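In what follows, a single structure is set out as structure tokens and then discussed.
There are 2 protein chains.
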Amino acid sequence: MNLPPLNLTEEWLDRLQASGYRLTQPLRRIVELLVASPRALGPIEIYDLVRVHYPNLGLVTVYRTLEKLEALGLVQRVHQEDGCHRYLRATQGHQHLLICTRCGRATYFAGDDLSRLIRHTEEETGYLVQDHWLQLYGLCPACRQ
Amino acid sequence: MNLPPLNLTEEWLDRLQASGYRLTQPLRRIVELLVASPRALGPIEIYDLVRVHYPNLGLVTVYRTLEKLEALGLVQRVHQEDGCHRYLRATQGHQHLLICTRCGRATYFAGDDLSRLIRHTEEETGYLVQDHWLQLYGLCPACRQ
DNA sequence: GATTGACTTGAAAATGATTTTCATTTATAA
DNA sequence: TTATAAATGAAAATCATTTTCAAGTCAATC
Numbered sequence: 000m001n002l003p004p005l006n007l008t009e010e011w012l013d014r015l016q017a018s019g020y021r022l023t024q025p026l027r028r029i030v031e032l033l034v035a036s037p038r039a040l041g042p043i044e045i046y047d048l049v050r051v052h053y054p055n056l057g058l059v060t061v062y063r064t065l066e067k068l069e070a071l072g073l074v075q076r077v078h079q080e081d082g083c084h085r086y087l088r089a090t091q092g093h094q095h096l097l098i099c100t101r102c103g104r105a106t107y108f109a110g111d112d113l114s115r116l117i118r119h120t121e122e123e124t125g126y127l128v129q130d131h132w133l134q135l136y137g138l139c140p141a142c143r144q
Numbered sequence: 000m001n002l003p004p005l006n007l008t009e010e011w012l013d014r015l016q017a018s019g020y021r022l023t024q025p026l027r028r029i030v031e032l033l034v035a036s037p038r039a040l041g042p043i044e045i046y047d048l049v050r051v052h053y054p055n056l057g058l059v060t061v062y063r064t065l066e067k068l069e070a071l072g073l074v075q076r077v078h079q080e081d082g083c084h085r086y087l088r089a090t091q092g093h094q095h096l097l098i099c100t101r102c103g104r105a106t107y108f109a110g111d112d113l114s115r116l117i118r119h120t121e122e123e124t125g126y127l128v129q130d131h132w133l134q135l136y137g138l139c140p141a142c143r144q
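As given, the protein sequences belong to chains C and A, one line each in that order. Under numbering that gives the first Met the number 0, think of the first position of the first sequence as 0, with each following residue one higher. Under numbering that gives the first Met the number 0, think of the first position of the second sequence as 0, with each following residue one higher.
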């Protein structure tokens, strides 16, 4: 019988272990950081933040860990204007991102109403729409003030 | 008195000249290609396609020309999954992109109904939404068959 | 608790896209 | 036709990401 994980970090580590990965120090540090971050982080940012308390970390390990976490659907890539990527804890189900342009805070929202727009567009263009990519930008409640 | 441009290529070249740029051979070739392309092209693609008839072209010139065209709002960056960019003739006003996953054909559509979704999301999250980024993927009429 | 072997790691080098530098070429105004 | 400032192409520099490989570490087994 499986007891529920104490918190999200434990849950991620359980998932990783269940998938055959070893729970190493670098992995644990990176997971802790990503679970706790309210905004998407880039590889270099993760590298710098983890090295504050774990100076031996290599940048390559950051990339390799992000690859694992993305493969398990635990983190999601967030596209940047400049082509680089940042990484954010993923959400369950199909949700979209709302990103604060001031502090970077990322919030998921449902956005079901997109189906109407998609139907309209199919009629208008003759395309068969199979997938979509939506991201909203603005000010989070804290930054509005 | 200004006569209307004969075609889109002339229009782009007029805009470039009016902005103080010189109308060089490399520039003309790249503009002709982008005006005629139904799908977004990457720098290397442009480089290869133009060199078929203008072998002296340098890749650097492609990047510099794209920069000018983007600054004038004549082309638009299209983000790729891998972080690279492609470039597509821009549209007038605020429209979104619909891209064929098979042949790459890009079509613009209005998508005004997004305002409802944005209002909902603002109420739901407390954010002030200022901007958005929407792209649809699917099969174009020709590729559906 | 010690041992073993495979998975992970970190450093350095490789890669690929993009940018910068600079001497040469070229468009355009005089 | 000439002068000159802008644009070009080649090579080198930069930056993000990936690959290579020897050394280190986790976790199963003794």
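All C-beta atoms in this analysis are idealised placements derived from N, C-alpha and C, irrespective of residue type, glycine included. Every value quoted in this text rests on a predicted model; they were computed, and no experiment measured them.
- Burial of Val77(A) is indicated by the presence of at least 16 other C-beta atoms within 10 angstroms of its C-beta.
- The region 38-57 of chain A makes no contact with the region 55-75 of chain C, as fewer than three CB pairs between them are under 8 Å.
- Against chain A, the CB of Cys102(C) has no partner CB under 8 Å away; the residue lies outside that interface.
- Looking at the DSSP output, Asp13(A) shares a beta bridge with no other residue.
- The beta carbon of Ile45(A) sits no closer than 8 Å to any beta carbon of chain C.
- When C-alpha distances from Arg143(C) are compared across Arg143(A), Gln129(A) and Gly137(A), the shortest belongs to Gln129(A).
- DSSP places Val34(C) within a helical segment (H, G or I) once states are collapsed to three.
- Annotation for Thr100(A): no alpha helix (DSSP H) segment contains it, and DSSP assigns it neither H nor E.
- For His84(A), the closest C-alpha among the options Thr23(A), Pro42(A), Trp11(A) and Leu7(A) is that of Pro42(A).
- For Phe108(C), the CB contacts under 7 Å within the same chain, skipping 5 residues up- and downstream, are Gln94, His95 and Leu97 in chain order.
- In the three-state DSSP reduction, Ala105(C) falls in the strand class (E or B).
- Any Cβ of chain A closer than 8 Å to the Cβ of Pro25(C) would place that residue at the interface, and such an atom is absent.
- Close to chain C, meaning a Cβ-Cβ distance shorter than 7 Å, are the following residues of the region 127-141 of chain A: Leu127, Val128, Gln129, Asp130, His131, Trp132, Leu133, Gln134, Leu135, Tyr136, Gly137, Leu138, Cys139 and Pro140.
- In its chain, beyond the 5 residues on either side, Pro25 have a beta carbon closer than 7 Å to the beta carbon of Thr60(C).
- DSSP links Leu26(C) through a beta bridge to no other residue.
- At a cut-off of 8 Å between beta carbons, Leu65(A) makes no contact with chain C.
- Taking a contact as a CB-CB distance under 8 Å, the pair Leu22(C) and Leu15(C) counts as one, their CB atoms being some 7 Å apart.
- Non-local C-beta neighbours of Leu127(C) in its own chain, meaning closer than 8 Å and more than five positions away in sequence, comprise Glu121, ordered along the chain.
- Taking a C-beta distance under 8 Å as the contact criterion, Asp112(A) and Arg101(C) do not qualify as a contact pair.
- As the crow flies, the alpha-carbon of Val74(C) is around 14 Å from that of Thr106(C).
- In its chain, beyond the 5 residues on either side, Ile29, Leu32, Leu33, Val61, Leu65 and Tyr86 have a beta carbon closer than 8 Å to the beta carbon of Ile45(C).
- Nearest CB-CB separation between Leu68(C) and chain A: not below the 8 Å threshold.
- A direct Cα-Cα distance of roughly 11 Å separates Leu12(A) from Leu71(A).
- When the five nearest sequence neighbours on each side are left out, the beta carbons in the same chain lying within less than 6 Å of the beta carbon of Cys139(A) are those of Cys99 and Arg104, in order along the chain.
- Using a Cβ-Cβ cut-off of 8 Å, Gly72(A) does not count as an interface residue toward chain C, since no Cβ of chain C sits closer than that to its own.
- In this chain, the alpha helix (DSSP H) harbouring His119(A) covers Leu113 to Thr124.
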